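*Asks:*
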Amino acid sequence: MELRRMVCLLLIIAGWTGNIAAQQANTSFVVTGIIRDSISARSIAYATISILDSASNTIASTYSLENGSFKTALPRTGTYHFEISSVGFSTITLTRTIHRFPADLGILLLQPGEEQLQAVSVTARRRLVQQKPGMLVYNAEMDITNKGGTAADVLRKAPILSVDAQGNVSMRGSSNLKILINGKYSGQMARSAADALNMMPADMIKSIEIITTPSARYDAEGAAGVINIITRKGNSDLSGTLEASASNLEQVFNPRLSYSNEKWHIHFAGHLHRLRQRSANSIDRTTLINGAATNRLRQNIERDNAAPHGSADLAIDYTLNASSELSLGVNAWMGNWPHDSRTSAILRLPNDQVAEQYFQDIDNRNNYLGADINLGYTKRFKKTAQQLTLLVQGSPSRDLSDYDARQTSTGKELLYREINNSHTRNREWTAQADYTHPLNTKGSVLLETGGKLIFRNVGNRYDVSASDPADVNQLNPQADRSDHFKYSQDVMAGYAMLRLNLPDNWFFEGGSRLEATAIKGNMLVSGTAFNNHFLNLVPTATLSKKLGEGHTLTISYTKRLTRPYIWDLNPNADASDPKNIESGNPELQPEISHQAELAYGLNSGRSFFLNTALFWKQTDNAIIEFMETNAEGVSLTSKQNLAGNKQFGLNSSATANLSEKWTANGNLNIDYFDYSSTALTIFRSGWGATMNLNSTYKLPRRFSVQAFGEYTTRQVTLLGTLGRRYYYSFAGKKEISGSRMTITLAAVNLFSPYVEQTDDKLRPAFISSVANRYYNRAVKLTLSWEFGSSRKQQKERKKIDNSDINVQGKG
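With mature numbering (1 follows the signal peptide of the UniProt record, and there is no 0) applied, the sequence shown covers -21 to -1, 1 to 790.
(1) Contact between the segment 562 to 580 and the segment 405 to 413: three or more CB pairs below 8 Å?
(2) Give, in chain order, every unbroken run of the beta strand (DSSP E) that is at least 3 residues long and sits entirely within the segment 501 to 561.
(3) Please identify the residue among G430, K361, G57 and T531 whose C-alpha is closest to the C-alpha of T74.
(4) Pull up the CB-CB distance for V108 and S632, whole angstroms please, since I reckon it's below 8 Å.
(5) State buried or exposed for A248, treating a residue as buried only when at least 16 other CB atoms are found within 10 Å of its CB.
(6) Whose C-alpha, out of G711, L348, I77 and K740, is nearest the C-alpha of S683?
(7) For the segment 346 to 360 against the segment 393 to 401, are there 3 or more C-beta pairs whose distance is under 8 Å?
(8) What do you reckon, is the C-beta of T273 under 8 Å from a heavy atom of the ligand GTP?
(9) Start and end of the beta strand (DSSP E) containing A301?
(10) Do you know whose CA, among N207, G500 and A181, lies nearest P193's CA?
(11) For the alpha helix (DSSP H) holding A172, just list the boundary residues, first then last.
(12) Please say whether S320 and A341 have beta carbons closer to each other than 9 Å?
(13) Whose C-alpha, out of D263, A364 and K759, is nearest the C-alpha of S748?
(14) Output the distance between the C-alpha atoms of V695 and F652, rounded to the nearest integer angstrom.
(15) Classify V133 as helix, strand or coil using the three-state DSSP reduction.
(16) Confirm, please, whether the CB-CB distance from S461 to V437 is below 9 Å.
(17) Just the C-alpha distance for S374 and L293, rounded to the nearest angstrom, thanks.
(18) What's the gap between the Cα of Q372 and the Cα of D296?
(19) Taking DSSP as the reference, what is the three-state secondary structure of E611?
(20) How far does the beta strand (DSSP E) with R756 in it extend, from its first residue to its last?
(21) With a cut-off of 8 Å on the beta carbons, I'd call R752 and E735 a contact; round off their distance for me.
(22) Just to confirm the assignment, what range does the beta strand (DSSP E) spanning T56 have?
(23) Going along the chain, which residues of its own chain have a beta-carbon closer than 6 Å to the beta-carbon of V231, five neighbours each way excluded?
(24) Counting Cβ pairs, one atom from each stretch, are 3 or more of them under 8 Å apart for the segment 477 to 488 and the segment 502 to 512?
(25) How far does the beta strand (DSSP E) with P182 in it extend, from its first residue to its last?
(26) Taking the continuous beta strand (DSSP E) assigned at R257, which residues delimit it?
(27) Quick check: D143 and R704, are their CB atoms within less than 9 Å of each other?
(28) Inspect the beta-carbon positions of L589 and L532 and report whether they are closer than 9 Å.
(29) For A119, does the three-state DSSP call read helix, strand or coil?
(30) If you follow the beta strand (DSSP E) that I38 is part of, which residue opens it and which one closes it?
(31) Taking just the CA atoms, how far does T265 sit from T660?
(32) Where A271 and L326 are concerned, what is the direct C-alpha to C-alpha distance, given to the nearest angstrom?
(33) Just how far apart, CA to CA, sit D459 and S614?
(34) From L762 to I722, what does the alpha carbon distance come to, in whole angstroms?
(35) Tell me, which residues are paired with R275 by DSSP?
(36) Out of H246, V205, Y197 and S226, which has the shortest C-alpha to C-alpha gap to S218?
Laid out in structure tokens, this is it:
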């Protein structure tokens, strides 16, 4: 029934937009030219012509025909850079000022020279960080220390973002953000962003878009913002990469293969990974009643696990004709992320008498299997920038999360045993339509509109068995802790936005998005049910002005929300550690945030780039992870709507070419947090900062070295403080001439066996201090071999982006 509704919606939108398109005039601002060999004067077919504006933003791309001719459309008159490349020829860049249309560039000559072609590339000219309206772009493929790493390593170096030792990502202090891959939703990211980032090889990533003020085109979900990971694709008839990496913590194999011709583009990427995760926690918690201590708990927890996992991505694009394309994408993943642990615990009374003392061993398996399957259709019309995109995606997945907890005395006698078997199945369907329509002949005024439907159905069956009080070896079913949780979430959305390229270097983008959400939950065994419906109007606006050569000023505003998902709502309690219980909250409501920023960009040629942004954010009904304790010293952690918070700060990113061989870039984030909860009588505020520096130096004979360092100060939280942390790495790379092979040797946190971070909490009912130690010192060797030769660039294609659900952290 749901699928039929989606298909009907797509047919209605397609018919409506097709009828509009049929009425449009054939008007465009055309530039033509002919590409030829400078020696033989022969026409060059399938040469790539990329057209960039004065800010080095690509605004058009096309290919020469069999006779060497090309034709493309530009939005207006002005000065443009034409970058022309073809296999076996040196890339050339021409600057031309277009005064009127149609414009003929005449005959453009390319000089043969394979070696010169290898030395000249678009990526070599791009900066490590670029500014665009509402976002910053980190060109990760230019960073050699990313070789052999994961997506978490890449995001750690991107501006504005912060990644902790477990791979959890935050933006401006908030982890309520959306992570997309090539602009589309990933069920893998929604399940666990930390795990998914560790499953994506760094060498697969082309760039990272950090979108601080998403437009109305993006789903409203994600209070902090949106991260869009752009992956690399092959650009030749047949090309590929084989990459292998080994260290004391991980072993990785990443194959990639691409094939292209005039009609087809097929790309496959695989990832096989074995990751060792080692950590330790020391917990010291005192329970208080009326300010007096009633007991003191001390725990030492050690974890040392190996997580084998893998993923595969297949993308097939087919060009129907010059204006229509079909695309099919399949991304599948599987893995096992165990969380086995060994705990020693002792609970003392105020007189120092031992109330409890035991050891606990937990065998915890987390097996999962899932896929995202999407089908897209793109139609480009004759008018500049007029385009229709239809997309459908299915995302099935399955999770098995079981634990077996055994509690023993100091004499190794079994005291208690508990088994929790939790099986989750998810079925999700998405349909999306987007249409862009030029409102004037120049294409400088664009109207974009679209609609989206999301249907999520999740079922979680969990069964708990525990020791019989009379016989600890006998396991009895716990009916009050076993159930079958059925959950559905339906989202219907529509948006409209206007994009204006105005005279005197002004740019405006504004719009609104309306989202209706229906949530239903049902406990089939106990009969408990809940439902919730809410409607959100989300306005967005961005105004930008170029102030002379190389200076840009941008002001923007957006409203965002974060919806709870099944992991936040599911009441199945994880009691594998009986002193620290975690559970979902079925009564959780969405949080709403408002954010504004003022950004300044400086681009002084190729030598220096600076972006600085002042921002303000207010969050109402904030979703927070809240911990409370009972009189026995047991803590219960769940997500609650308990507080609002205000935040303002400064983000600054800079890149500099200190010489022809030496480049450096750095990021500085300064935040002020103000938490307020009348219900809890909590009012806390304070400053925090994160800074990093990255530097690369090119040595003779194709050697290069790079160093990276990051430091995060103590952060204020609702219940206390989160201690400082640091991360640093060194890398050296050797490119072997003629073989297209690179060897990279990298070291992470070489001079310390672990990084320690302390989490302190203070409430009237308890005082807690947790010292977390993460053993991430590593030395890594990576070998990478590329084959195939570049023939043409591929067009960008729009994908499903279910950016509306909350990604899951790991901790």
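Just so it is clear, CB atoms sit at the ideal spot from N, CA and C, and this is done for glycine as well.
All of these numbers come straight from a predicted model, not from anything done at the bench.
*Replies:* Taking the geometry as given:
(1) no
(2) 508 to 525, 530 to 541 and 559 to 561
(3) As a first step, residue 74 is located in the sequence shown; it is residue number 95 there, counting from the start. It is G57.
(4) By 1-based counting over the sequence shown, the position of residue 108 is 129. By 1-based counting over the sequence shown, the position of residue 632 is 653. Confirmed, Cβ separation roughly 5 Å.
(5) As a working note, residue 248 is residue 269 in the sequence shown. Classification for A248: buried.
(6) Your numbering for residue 683 matches position 704 in the sequence shown. Closest option to S683, Cα to Cα, is G711.
(7) no
(8) Of the ligands one can find in the structure shown there are none, so the ligand GTP has no counterpart to examine.
(9) Here residue 301 is taken as the residue at index 322 of the sequence shown, counted from 1. Element bounds for A301: n/a, residue is neither H nor E.
(10) Position 214 of the sequence shown holds residue 193. When only C-alpha atoms are compared, the closest one is N207.
(11) Position 193 of the sequence shown, counted from the start, is the residue given in the question as residue 172. Taken as a continuous stretch (DSSP letters only), the alpha helix (DSSP H) holding A172 covers A172 to N177.
(12) Mapped onto the sequence shown, residue 341 falls at position 362. Mapped onto the sequence shown, residue 320 falls at position 341. Note on residue identity: the sequence assigns Ile, not Ala, to residue 341. Yes, the Cβ-Cβ distance between I341 and S320 is below 9 Å.
(13) Here the question's residue 748 lines up with position 769 in the sequence shown. Residue D263 is the option with its Cα nearest to S748.
(14) One-based indexing of the sequence shown puts residue 695 at position 716. One-based indexing of the sequence shown puts residue 652 at position 673. One C-alpha to the other measures close to 7 Å.
(15) Position 154 of the sequence shown, counted from the start, is the residue given in the question as residue 133. Of the three classes helix, strand and coil, the one that applies to V133 here is helix, per DSSP.
(16) On the sequence shown, residue 437 is found 458 positions in, with the first residue counted as 1. On the sequence shown, residue 461 is found 482 positions in, with the first residue counted as 1. No, they are not a contact pair.
(17) Position 395 of the sequence shown, counting from 1, holds the residue named residue 374. Position 314 of the sequence shown, counting from 1, holds the residue named residue 293. Each residue's Cα considered, the two are about 15 Å apart.
(18) Locating residue 372 in the sequence shown gives position 393, where the first residue counts as 1. Locating residue 296 in the sequence shown gives position 317, where the first residue counts as 1. Each residue's Cα considered, the two are about 15 Å apart.
(19) Residue numbering aside, residue 611 sits at position 632 when the sequence shown is read from its first letter. Reduced to three states, the DSSP call for E611 is coil.
(20) Position 777 of the sequence shown, counted from the first residue, corresponds to residue 756. Careful: R756 lies outside any beta strand (DSSP E) and carries neither H nor E.
(21) The residue you call residue 752 lines up with position 773 of the sequence shown. The residue you call residue 735 lines up with position 756 of the sequence shown. At roughly 5 Å, the Cβ-Cβ gap stays under 8 Å, so R752 and E735 are in contact.
(22) Sequence index remark: in the sequence shown, residue 56 carries index 77 (1-based). No beta strand (DSSP E) contains T56, which DSSP labels as neither H nor E.
(23) As a position in the sequence shown, residue 231 is number 252, starting the count at 1. Same-chain partners within the cutoff: S224 and H252.
(24) no
(25) Position 203 of the sequence shown, counting from 1, holds the residue named residue 182. The question names Pro, yet the displayed sequence has Asp at residue 182. Taken as a continuous stretch (DSSP letters only), D182 belongs to no beta strand (DSSP E), as it is neither H nor E.
(26) For the purposes of this step, residue 257 is taken as the residue at position 278 of the sequence shown. First-last of the beta strand (DSSP E) with R257: W243 to I268.
(27) For the purposes of this step, residue 143 is taken as the residue at position 164 of the sequence shown. For the purposes of this step, residue 704 is taken as the residue at position 725 of the sequence shown. It is a contact, given that the beta carbons lie within the stated cut-off.
(28) Taking the first residue of the sequence shown as position 1, residue 589 is located at position 610. Taking the first residue of the sequence shown as position 1, residue 532 is located at position 553. Contact flag unset, no.
(29) As a first step, residue 119 is located in the sequence shown; it is residue number 140 there, counting from the start. DSSP places A119 in helix when its eight states are reduced to three.
(30) Position 59 of the sequence shown, counted from the start, is the residue given in the question as residue 38. Note, I38: beta strand (DSSP E), T37 to Y42.
(31) Start at 1 with the first residue of the sequence shown, and residue 660 comes out as number 681. Start at 1 with the first residue of the sequence shown, and residue 265 comes out as number 286. Spanning the two alpha carbons is a distance of roughly 20 Å.
(32) By 1-based counting over the sequence shown, the position of residue 271 is 292. By 1-based counting over the sequence shown, the position of residue 326 is 347. Distance between the alpha carbons of A271 and L326 is about 16 Å.
(33) Locating residue 459 in the sequence shown gives position 480, where the first residue counts as 1. Locating residue 614 in the sequence shown gives position 635, where the first residue counts as 1. Cα to Cα, D459 sits roughly 20 Å from S614.
(34) Within the sequence shown, the letter at position 783 stands for residue 762. Within the sequence shown, the letter at position 743 stands for residue 722. Each residue's alpha carbon lies about 5 Å from the other.
(35) Counted from its first residue, the sequence shown places residue 275 at position 296. DSSP output for R275 lists T265 and R327 as bridge partner(s).
(36) Locating residue 218 in the sequence shown gives position 239, counting from the first residue. That would be H246, whose Cα lies nearest to the Cα of S218.
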